[in-house]
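In what follows, a structure is listed as structure tokens, so that the remarks can point back to it.
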Amino acid sequence: SSLMVLCLQGGPVDTARDLAGSIVHRYLTLMRYRRYRNHLIRKTTNVSGRQLAVLRHLFQSAPLTVREISRFLYVRDATASPLLERMEQAGYVTKRRCLEDSREVLVEPTELGRQVVSQAPMGIIELMRVRLPDLPVGELVAMDEALKKLSALVGVDESLLNRGSHYHRRRHHP
2 SSLMVLCLQG GPVDTARDLA GSIVHRYLTL MRYRRYRNHL IRKTTNVSGR QLAVLRHLFQ
62 SAPLTVREIS RFLYVRDATA SPLLERMEQA GYVTKRRCLE DSREVLVEPT ELGRQVVSQA
122 PMGIIELMRV RLPDLPVGEL VAMDEALKKL SALVGVDESL LNRGSHYHRR RHHP
């Protein structure tokens, strides 16, 4: 009977609507904060958030192939190549052919690239990669499940994003 009263007063409906609004608000705030952080990074370092992510990854794991960088960024090789070309022209990375397989190009940070990494604030994706593993497993499972549900709700089809690319969804990110 108390459930009936809540339904008549609009309780659960309003609560569901309020929660849905809060979820959308938090998602949009997160996306907006990501743009804000990337703007700060660009302003402070003169590199994009994506370029900084590449430099940080190279700083930890160099040398890497273009394909490995593409997988790290979740983009196609054809997207990563021009990005790396711009970074090389700006003096942040060097590229060279792999001695074992001349089809592969190896990328490494330059001293300038290392300086940028040491001075730049972390982007939101980097913050998540660093901080999420410190959370309790139960919280991580709950977040993962919530994001899976949200992806399903809006009809995310990862195969559409992966078409024509050489990367695969990985459970463990660098």
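In the numbering used here, the protein residues as written are 2 to 175.
Where is the CB? At the ideal position from N, CA and C, for every residue including glycine.
inquiry  = Taking 8 Å as the cut-off, does the stretch 57 to 71 touch the stretch 104 to 116 (at least 3 CB pairs, one atom from each stretch)?
reply    = The answer is yes - the stretch 57 to 71 touches the stretch 104 to 116, with three or more Cβ pairs under 8 Å.
key: Simplified DSSP state of arginine 36, which is helix, strand or coil   = If you number the sequence shown from 1, residue 36 lands on position 35. When DSSP states are grouped into helix, strand and coil, arginine 36 belongs to the helix group.
query = Within 10 angstroms of its Cβ, does valine 48 collect 16 or more other Cβ (buried), or is it exposed?
reply = The residue you call residue 48 lines up with position 47 of the sequence shown. Taking all protein chains shown into account, valine 48 has 16 or more neighbouring C-beta atoms within 10 Å of its C-beta and is therefore buried.
request  = Taking only the alpha-carbon atoms, compute the straight-line gap between leucine 56 and glycine 139 and give it to the nearest angstrom.
outcome  = By one-based count along the sequence shown, residue 56 stands at place 55. By one-based count along the sequence shown, residue 139 stands at place 138. For leucine 56 and glycine 139, the distance between alpha carbons rounds to 32 Å.
ask   = Where do the N-terminal and C-terminal ends of the beta strand (DSSP E) with valine 94 fall, by residue?
value = Counting from 1 along the sequence shown, the entry for residue 94 is found at position 93. Per DSSP, valine 94 is one residue of the beta strand (DSSP E) stretching across 94 to 98.
key: C-beta contact flag for glutamine 120 and methionine 88 at 8 Å   = Looking up residue 120 in the sequence shown gives position 119. Looking up residue 88 in the sequence shown gives position 87. No, they are not a contact pair.
key: Three-state class that DSSP yields for leucine 65 in the structure shown   = The count along the sequence shown starts at 1 and reaches residue 65 at position 64. Reduced to three states, the DSSP call for leucine 65 is strand.
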